[in-house]
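Here UniProt numbering is used: the sequence shown runs in plain steps of one and ends on residue 442. Cβ coordinates follow ideal geometry from the N, Cα and C atoms, glycine included. Inspection log for the structure reproduced underneath, given as structure tokens.
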Amino acid sequence: MTPNEIKENAKKYVLQSWSKQKDLNPIPIEKAEGIYFYDYDGNRYTDMSSQLVNLNVGFGNEQINEAIKEQVDKYCFVGPAYAAEPRVKLAKMIIDRLPEEFGKVFFTNAGADANENAIKIARMYTGRKKVFSRYRSYHGSSFGAGNLTGEPRRYPLEPGIPGFVKFFDPYLYREGIEFESEEAASKYYIGKLREQIIYEGADNVAAIVVETITGSNGIILPPKGYLPGIRKICDEFGIMMICDEVMAGWGRTGKLFAFENYDVVPDIVTFAKGVTCGYVQLGGVAVRSKIAEYFDDHLLSCGLTYSGHPLACAAGVACVQYYEDAKILENVNTVGAALAKELDSYKETYRCVGDVRHIGLFSCIELVKDKETKEPIVPYGKDEHKTMPKIIGMLKERRFMTYSHENMIFICPPLIITKEQLLEELEKMKEVLSIVDETMLD
1 MTPNEIKENA KKYVLQSWSK QKDLNPIPIE KAEGIYFYDY DGNRYTDMSS
51 QLVNLNVGFG NEQINEAIKE QVDKYCFVGP AYAAEPRVKL AKMIIDRLPE
101 EFGKVFFTNA GADANENAIK IARMYTGRKK VFSRYRSYHG SSFGAGNLTG
151 EPRRYPLEPG IPGFVKFFDP YLYREGIEFE SEEAASKYYI GKLREQIIYE
201 GADNVAAIVV ETITGSNGII LPPKGYLPGI RKICDEFGIM MICDEVMAGW
251 GRTGKLFAFE NYDVVPDIVT FAKGVTCGYV QLGGVAVRSK IAEYFDDHLL
301 SCGLTYSGHP LACAAGVACV QYYEDAKILE NVNTVGAALA KELDSYKETY
351 RCVGDVRHIG LFSCIELVKD KETKEPIVPY GKDEHKTMPK IIGMLKERRF
401 MTYSHENMIF ICPPLIITKE QLLEELEKMK EVLSIVDETM LD
């Protein structure tokens, strides 16, 4: 096909997620390498969001490519009931890198079904039905994961499944209460959560599910003491603590898993995205040994045709090994420090920057019309030249490729990015923020 035929057929035959289809104008991509991808005219674009915050090692990783090719020559698929070498290898690699309390992995196809199966496991293990999750959360868009999700993308699934209970997470930038410290904020939020659990009937609650760091709803970092506070509630009432590490896991925060930043050990960890970086899709649920042992004598009522798909697991083995061989965590912490310094300066420099939040190479800029009122720049509106799509469009014109959610721009580049590459791209961001200051504020 010609580039134009590719684009027109994409518009004609492919339903694209989270979009009004008539407005689509997809870029036909010819090739990609490292942090860059190219259209058929030779234009180079920089991937500053790791696609959907999953392409941690960038495009064209030879180590992963070769592992997939090698597995293709052996066999592409064998069912979950068989002992496939890449499946076994990857499971052991994951458990070896988690805290010693962990024992086994159930593999899934992606993050959504990882979260759905985590809920099932928690409910089977505890014998309870209710599951708590937060309003500012995204756990997937399938029916179970969509009910677990708290933000508006759950609406098409409603009325939803009984037993899903929502609570508010700490979003200190927009909280109406002025706390004297992060610890004071955590004490307040944990107190309200504990009260809500008691009123829901603590002995009915199977799990509390949290994104370790709220991802697509704004890179909202938990204040000091918050996650240990949830851990304490779970221990008090026999509730499973589930950390959704689909987006924040696999080195994104400078630790292999985000919960390692917060002195807490969950009961169940869900993962996807960075375990294979999308070279072949894969997700999973890692559980503590005590949970795994429970299913020695009780039926594990979970099953997927492609659980632990050999090609995906072969990619995962190579990917996890690459993180170590290439010293990816070291790079994330080095380049992440440069990113943090730049972003923090934006709060002082640009009138449109209300807040910045960052950890490792996981960050966002929250844009406002007024710093005092914190009125957000709107995602959509009649005045189209003053909306978030206009801003993302200006970045796209400069080949700085990322996405927004509500009034936030995400900067989550591949973990292989160098400091020099990062600073080069951030010059484009500064150009756009200057234009926003000059033309888009009331």
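Nearest CA to the CA of phenylalanine 132: which residue from Gly60, Lys12 and Glu211? Glu211
Looking at the structure shown, is isoleucine 29 part of a helix, part of a strand, or coil, going by DSSP? strand
DSSP state of methionine 408, grouped into three classes? strand
Using only CA atoms, which one of Pro389, Gln71 and Arg194 lies nearest to glycine 381? Pro389
Are the region 88-98 and the region 223-236 touching by the rule of at least three beta carbon pairs closer than 8 Å? no
Quick check on threonine 349: buried or exposed, where buried means 16 or more other Cβ atoms within 10 Å of its Cβ? exposed
Could you please give the first and the last residue of the uninterrupted beta strand (DSSP E) stretch that includes cysteine 277? Looking at the DSSP string, cysteine 277 is not in any beta strand (DSSP E), and its letter there is neither H nor E.
Delimiting residues of the alpha helix (DSSP H) encompassing tyrosine 226: 226-237
For alanine 207, which of helix, strand or coil comes out of DSSP? strand
contact_flag[the region 322-342, the region 145-164] where n(CB pairs < 8 Å) is 3 or more: no
Distance between beta carbons of isoleucine 359 and glycine 254, contact taken as under 8 Å: Contact holds; Cβ gap of about 7 Å.
Nearest candidate by alpha-carbon position, reference serine 49, set Gln321, Leu282, His405 and Arg231: His405
Under three-state DSSP, which class holds tyrosine 13? helix
To which residues does DSSP link phenylalanine 106 through a beta bridge? BP columns for phenylalanine 106 point to Val285.
Runs of alpha helix (DSSP H) lying entirely within the region 347-408, each at least 4 residues, in chain order: The qualifying runs are 388-397.
Threonine 2 to leucine 172, Cα distance in whole Å? 50 Å
Give me whichever residues DSSP pairs with phenylalanine 59 in a beta bridge. Gly34
Beta-carbon proximity list for glutamate 182, same chain, < 6 Å, skipping 5 on both sides: Pro223 and Lys224
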